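Protein sequences, first through last, are from chains G and E.
Numbering-wise, the first sequence is residues 27 to 415 according to my numbering.
Numbering-wise, the second sequence is residues 27 to 415 according to my numbering.
Single-structure report; data block below.
Number of protein chains: 2
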Amino acid sequence: MLRQIRLAGRVPRIELASQTGMSRATVTTITAEFLNAGLIEEIARPDNTPDTRRGRPRVDLKIRGAAHALVGAKISYRQLSLILLDFEGEELGELEMQLPAETFSPDRLADLFADAVDRLARNAGLTSDDVSGVGLGIAGIVQAAEGVVYWSPSLSERNVALGEVLTRRLGRPVFVDNDANLVALAEQTFGLGQSHSDFIVVTIESGVGMGIVIGGELYRGTRGCGAEFGHTKVHLDGALCRCGQRGCLEAYVADYALLREALTVPGDDPTAPPAARIETLLNAARAGDATARSIVDRAGRMFALGLANLVNIFDPELIILAGEQMQFDHLFADEVIAAIRTSIVQIDKPPPEVVIHKWGNLMWAKGAAAYALDHVTDLALAGLSDNAA
Amino acid sequence: MLRQIRLAGRVPRIELASQTGMSRATVTTITAEFLNAGLIEEIARPDNTPDTRRGRPRVDLKIRGAAHALVGAKISYRQLSLILLDFEGEELGELEMQLPAETFSPDRLADLFADAVDRLARNAGLTSDDVSGVGLGIAGIVQAAEGVVYWSPSLSERNVALGEVLTRRLGRPVFVDNDANLVALAEQTFGLGQSHSDFIVVTIESGVGMGIVIGGELYRGTRGCGAEFGHTKVHLDGALCRCGQRGCLEAYVADYALLREALTVPGDDPTAPPAARIETLLNAARAGDATARSIVDRAGRMFALGLANLVNIFDPELIILAGEQMQFDHLFADEVIAAIRTSIVQIDKPPPEVVIHKWGNLMWAKGAAAYALDHVTDLALAGLSDNAA
Numbered sequence: 027m028l029r030q031i032r033l034a035g036r037v038p039r040i041e042l043a044s045q046t047g048m049s050r051a052t053v054t055t056i057t058a059e060f061l062n063a064g065l066i067e068e069i070a071r072p073d074n075t076p077d078t079r080r081g082r083p084r085v086d087l088k089i090r091g092a093a094h095a096l097v098g099a100k101i102s103y104r105q106l107s108l109i110l111l112d113f114e115g116e117e118l119g120e121l122e123m124q125l126p127a128e129t130f131s132p133d134r135l136a137d138l139f140a141d142a143v144d145r146l147a148r149n150a151g152l153t154s155d156d157v158s159g160v161g162l163g164i165a166g167i168v169q170a171a172e173g174v175v176y177w178s179p180s181l182s183e184r185n186v187a188l189g190e191v192l193t194r195r196l197g198r199p200v201f202v203d204n205d206a207n208l209v210a211l212a213e214q215t216f217g218l219g220q221s222h223s224d225f226i227v228v229t230i231e232s233g234v235g236m237g238i239v240i241g242g243e244l245y246r247g248t249r250g251c252g253a254e255f256g257h258t259k260v261h262l263d264g265a266l267c268r269c270g271q272r273g274c275l276e277a278y279v280a281d282y283a284l285l286r287e288a289l290t291v292p293g294d295d296p297t298a299p300p301a302a303r304i305e306t307l308l309n310a311a312r313a314g315d316a317t318a319r320s321i322v323d324r325a326g327r328m329f330a331l332g333l334a335n336l337v338n339i340f341d342p343e344l345i346i347l348a349g350e351q352m353q354f355d356h357l358f359a360d361e362v363i364a365a366i367r368t369s370i371v372q373i374d375k376p377p378p379e380v381v382i383h384k385w386g387n388l389m390w391a392k393g394a395a396a397y398a399l400d401h402v403t404d405l406a407l408a409g410l411s412d413n414a415a
Numbered sequence: 027m028l029r030q031i032r033l034a035g036r037v038p039r040i041e042l043a044s045q046t047g048m049s050r051a052t053v054t055t056i057t058a059e060f061l062n063a064g065l066i067e068e069i070a071r072p073d074n075t076p077d078t079r080r081g082r083p084r085v086d087l088k089i090r091g092a093a094h095a096l097v098g099a100k101i102s103y104r105q106l107s108l109i110l111l112d113f114e115g116e117e118l119g120e121l122e123m124q125l126p127a128e129t130f131s132p133d134r135l136a137d138l139f140a141d142a143v144d145r146l147a148r149n150a151g152l153t154s155d156d157v158s159g160v161g162l163g164i165a166g167i168v169q170a171a172e173g174v175v176y177w178s179p180s181l182s183e184r185n186v187a188l189g190e191v192l193t194r195r196l197g198r199p200v201f202v203d204n205d206a207n208l209v210a211l212a213e214q215t216f217g218l219g220q221s222h223s224d225f226i227v228v229t230i231e232s233g234v235g236m237g238i239v240i241g242g243e244l245y246r247g248t249r250g251c252g253a254e255f256g257h258t259k260v261h262l263d264g265a266l267c268r269c270g271q272r273g274c275l276e277a278y279v280a281d282y283a284l285l286r287e288a289l290t291v292p293g294d295d296p297t298a299p300p301a302a303r304i305e306t307l308l309n310a311a312r313a314g315d316a317t318a319r320s321i322v323d324r325a326g327r328m329f330a331l332g333l334a335n336l337v338n339i340f341d342p343e344l345i346i347l348a349g350e351q352m353q354f355d356h357l358f359a360d361e362v363i364a365a366i367r368t369s370i371v372q373i374d375k376p377p378p379e380v381v382i383h384k385w386g387n388l389m390w391a392k393g394a395a396a397y398a399l400d401h402v403t404d405l406a407l408a409g410l411s412d413n414a415a
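Given below as C-alpha cells:
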C-alpha cells in the first residue's frame with residue numbers, strides 16, 4: 027500500500043481501497059499505522075472542499091518526505107557520485123568527487139566514502155546520523171543479498187564483504203549492488219520502466235553492463251553473477267578480453283578494444299590519453315577514413331548481435347540503452363538498431379522497443395538511492411509489524 | 027493449497043496448516059470445498075491409529091486421481107506422442123504414431139490429433155469426452171497465452187490460432203505451448219526442477235530449444251518468442267541457418283549443419299538418409315578421422331559457448347540438457363561441459379550444475395499433460411470461487 031501511495035503521489039483513502047481491493051476499514055487501519063510511524067502524512071486537497079457529511083476538510087495521503095533521508099552513490103572510474111534524497115524521492119543535494127586512484131583497499135574506500143556521505147549530509151543541513159540508509163552501485167560482480175563484491179575494477183581485493191565494511195565504518199546501513207542493476211532500478215522507480223514489467227537495461231561505460239527486470243522484479247541470478255552481458259561470447263576464440271577469456275562482447279566494443287586496433291588510424295597517438303585517442307578514432311570514422319570506419323562499424327555490429335541475442339532469449343517489451351558519454355554514439359547509431367531488428371527471430375509482431383537514455387553518473391546514484399529507499403521501507407514496515415505482534 | 031497436497035502426495039490437515047501458515051479452521055474450510063468438488067479425497071493413514079480424542083481413524087488428504095483425465099501430446103518430426111494421466115499424475119495410457127507428412131494444414135492436423143486423442147482415451151476405457159484438458163507441445167514460436175503458433179516446422183501456415191482450432195475440433199480445451207517450455211514444466215512438475223526455483227532446460231532435437239524457469243515460474247517472454255536459444259548468434263555473418271539468418275547456434279550444432287560439412291568425411295554418402303549420414307560422421311569421429319573430429323568438435327565448442335552465454339546472463343542454479351537420441355552424445359561430452367566452465371565469468375563459487383537428462387518423446391508429452399493439469403486445476407478452482415461468490 028505504501029508503494030501505491032508512492033506511485034500515486036497523493037491519493038485519497040477511498041481510492042486506495044478501490045486500487046488495492048481492500049475494505050475502507052482495512053485501509054484506514056493500515057494507513058493509521060503508517061501515519062503513526064511518520065511514513066506518510068495527510069495533506070489538504072487542492073480544491074479544499076469540505077467533506078459534506080462530516081463537515082471537515084477532505085484530505086489526501088502522501089509519503090512524508092521528512093520521514094527518511096537516503097544516500098545513493100555510484101563509484102565509477104576515478105569518480106564518486108552521490109545524491110541525497112528524502113523519503114518522497116525529492117533531491118536534497120548531490121556531490122561529485124574525483125577519486126585519487128583507480129583501485130582501493132576496502133578500508134581506504136570506506137574512509138573516502140564515509141567522508142563523502144558526511145560532506146553531502148552537511149551540505150544539506152543534516153549529519154550522517156540523519157541518513158537512514160545508503161545504496162551503492164559498483165561495477166563488477168556483486169552478490170547483492172549479502173553485499174559481497176566478488177570482483178570489482180574499483181577494489182584491489184576479491185571477495186570483499188563491502189556492505190559490512192561500509193556499514194561498520196558509516197554506522198548506517200549500506201546496501202551494495204552491481205551498478206547496472208541499480209540503473210535498472212532507477213528506470214523502474216523514476217524512469218521508462220515505470221510502465222513496463224519486463225525490460226532490460228544495457229549500460230555502456232568502459233565496460234558493458236546489464237540489468238534485467240522480469241515480472242516487475244530485478245533478476246539478479248542465483249550466485250549474484252548473472253546479467254554479465256559484456257562477457258557473453260560473440261566469437262569462438264575471438265578477441266582477448268580484460269577478463270582473460272576470448273571473444274567477450276566487451277573485447278569488441280569497449281574503449282580498450284577499439285584502441286588496440288586504432289594504431290593504424292591516421293593521426294592516432296598511442297601516447298595520448300585513451301579518451302583523446304577514442305576522439306581521434308571517432309572523428310576519423312566520421313570523416314570517412316576506411317580503417318577507422320571498419321573498427322567502429324564492427325563494434326556496432328557486434329553490439330547489435332549481442333543485443334539481438336538478448337531479444338532472442340528474453341523477448342522483452344523494451345530495451346533501454348543507458349550511457350552517458352557522446353563517445354558511445356556509434357553504438358547508438360540507427361544502423362545498429364536496424365541490425366538488431368534483422369538479427370532477431372522474425373514473427374509477424376513488432377520488435378521490442380529500443381530506447382536510448384543518456385544518463386549522467388548522478389542518475390546512476392539516484393538508482394542506488396532507490397535501492398536504499400526500498401530497503402529502508404522494508405525495515406520500517408518490518409518494524410511496524412513487530413510492534414503489532 | 028492444492029499444490030501443497032499434490033507435492034506432499036498425502037498429507038494430514040494439521041501439516042497443511044503448518045506448511046501454509048493458515049489456521050487449522052481455514053485449512054478445514056478450504057479442504058472441505060476441495061472435497062465437495064471431488065478434487066481431493068480422504069485416505070486412512072497407513073498405521074491406521076485412531077484419533078485419541080475423537081476415537082475415529084486419522085486420515086490424510088490426497089489428490090483424487092479420478093477427478094480429471096488429462097492428455098499431453100508432443101508433435102515432433104513425423105511423429106505424434108501422447109500420454110493420458112489422471113489428476114494425480116498417474117499414467118493411464120500412452121500412444122505413439124507416425125505422421126504421414128512433415129507439415130500439415132491446421133485442419134488436417136486437427137483431424138489426426140482428434141483421432142489420436144480418441145484412440146488413446148478408448149484404449150484406457152474412456153472416451154474423448156472424459157478428458158478434461160489437453161496440452162500440446164510443438165516446436166516453433168508459440169504465444170502460449172492465446173495458443174497462437176507464429177511459426178512451426180510442423181505447420182504449413184504461419185500465425186495459426188492452433189489452440190482454438192484444436193479446441194473446436196476436439197470439443198475439449200486444448201492448451202498449446204512451445205515444446206521446450208513444456209519440457210521445463212515437466213522437469214518442474216516431475217523431474218529435477220522440483221527442488222530448484224531457477225533453472226534452464228536446453229533441448230536438443232533437430233533444433234535447439236530452451237525453457238526458462240525463474241522464481242518457480244516458466245518465463246515465456248512478452249511476445250511469446252523468447253527462449254529462442256537456437257537462434258542466438260554465435261558468429262557474426264556466420265554459417266547460414268534454416269531461419270535465413272547467419273551465425274545462429276543451430277547452424278553449427280543441428281543435424282543439417284553437421285551434414286553440410288560431412289561431404290568430405292570418408293564413407294559419407296550424400297544420398298543416404300540424414301540419420302545414417304550422422305551415424306557415419308560420428309563413427310568416423312570416434313575412429314579418429316581428423317575431418318570428422320573437426321566437424322564434431324566445433325559443434326561441441328559452439329554449443330559450450332552458447333551455454334556459457336546463458337550462464338553469464340542468467341546465473342541459474344542448474345542447467346538441464348534434455349535430449350533423447352544417442353546422436354547428441356558429442357554435445358553432452360565431458361569436454362563440452364568443461365568448456366562451459368572455462369567460458370563463464372569466474373568467481374570464487376562453484377559453477378552451476380549441468381545435468382544431462384535423456385528423455386523420450388513420451389516425457390515431452392508428460393510435460394504437455396502437466397500443462398493441461400495446471401490449466402484444468404485453475405479452471406476447477408475458479409469454478410469453486412464462482413460458487414462461493
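Heads up, the beta-carbon is just placed ideally off N, CA and C, and yes, glycines get one too.
None of these values were measured; they are calculated from a predicted model.
| Query | Result |
| --- | --- |
| Distance between residue 359(E) and residue 302(E) (C-alpha atoms, nearest Å) | 21 Å |
| Presumed contact (8 Å Cβ cut-off) between residue 266(G) and residue 277(G), rounded CB distance | 6 Å |
| Chain-ordered chain G contacts of residue 178(E) [CB-CB under 7 Å] | Those do not exist, as residue 178(E) stays about 12 Å from chain G at its closest Cβ, beyond 7 Å. |
| Residue 281(G) (DSSP reduced to helix, strand or coil) | helix |
| Nearest-angstrom Cα separation, counted from residue 256(G) out to residue 118(G) | 34 Å |
| Sub-9 Å separation of residue 201(G) and residue 166(G) beta-carbons | no |
| Neighbour-count burial assignment, residue 357(G), 16 or more Cβ in a 10 Å radius | buried |
| Any chain E beta carbon closer than 9 Å to residue 400(G) | no |
| Per-residue contacts from residue 251(G) into chain E (C-beta, under 7 Å) | 341, 371 and 373 |
| Sequence ranges, alpha helix (DSSP H) only - wholly within the stretch 93-163 of chain G, length at least 4 | 132-149 |
| Under 7 Å from the C-beta of residue 258(E): neighbouring residues of chain G | 335, 338 and 339 |
| Reduced DSSP secondary structure (H/G/I, E/B, other) of residue 300(G) | helix |
| Any C-beta of chain G under 9 Å from that of residue 415(E) | Note on residue 415(E): pLDDT 47, under 50, position unreliable in the model; no value is reported. |
| Test item: CB-CB of residue 108(G) and residue 95(G) under 9 Å | no |
| Within-9 Å CB hit, residue 245(E) to chain G | yes |
| Test item: CB-CB of residue 325(E) and residue 318(E) under 9 Å | no |
| Identity of the residue in 155(E), 138(E), 194(E) and 53(E) nearest residue 124(E) by Cα | 138(E) |
| 8 Å Cβ cut-off: residues of chain E touching residue 167(G) | 371 and 373 |
| Whole-angstrom distance between residue 282(G) and residue 213(G), CA atom to CA atom | 28 Å |
| Opening and closing residue of the alpha helix (DSSP H) in which residue 185(E) lies | That residue, residue 185(E), is in no alpha helix (DSSP H); it is neither H nor E in DSSP. |
| One or two residues paired with residue 237(G) in a DSSP bridge | 227(G) |
| Residue nearest to residue 142(G) in terms of C-alpha spacing, selected from 97(G), 241(G) and 203(G) | 97(G) |
| Integer-rounded CB distance, given that residue 381(G) should sit under 8 Å from residue 491(G) | Outside the displayed range of chain G (27 to 415) lies residue 491(G), so it cannot be described from this structure. |
| Cβ neighbour criterion (16 or more within 10 Å) applied to residue 307(G) | buried |
| Per-residue contacts from residue 304(G) into chain E (C-beta, under 9 Å) | Near residue 304(G) there are no residues of chain E at all, since even the closest Cβ is about 22 Å away, more than 9 Å. |
| Assumed close pair residue 101(E), residue 180(E) - CB separation to whole angstroms, cut-off 8 Å | 5 Å |
| Identity of the residues DSSP links to residue 383(E) by a beta bridge | 348(E) |
| Bounding residues of the alpha helix (DSSP H) (the contiguous stretch that carries residue 61(G)) | 50-62 |
| Minimum Cβ-Cβ distance from residue 404(G) to chain E less than 9 Å | no |
| Residue 114(G) at chain E interface by Cβ criterion, 9 Å | no |
| Host beta strand (DSSP E) of residue 70(E) (start-end) | 66-70 |
| Check whether residue 410(E) and residue 60(E) have beta carbons under 9 Å apart | yes |
| Interface flag, residue 328(E) vs chain G, CB-CB below 9 Å | yes |
| Three-state secondary structure assigned by DSSP to residue 169(G) | strand |
| Integer Cβ distance of residue 331(E) from residue 369(E), believed to fall under 8 Å | 6 Å |
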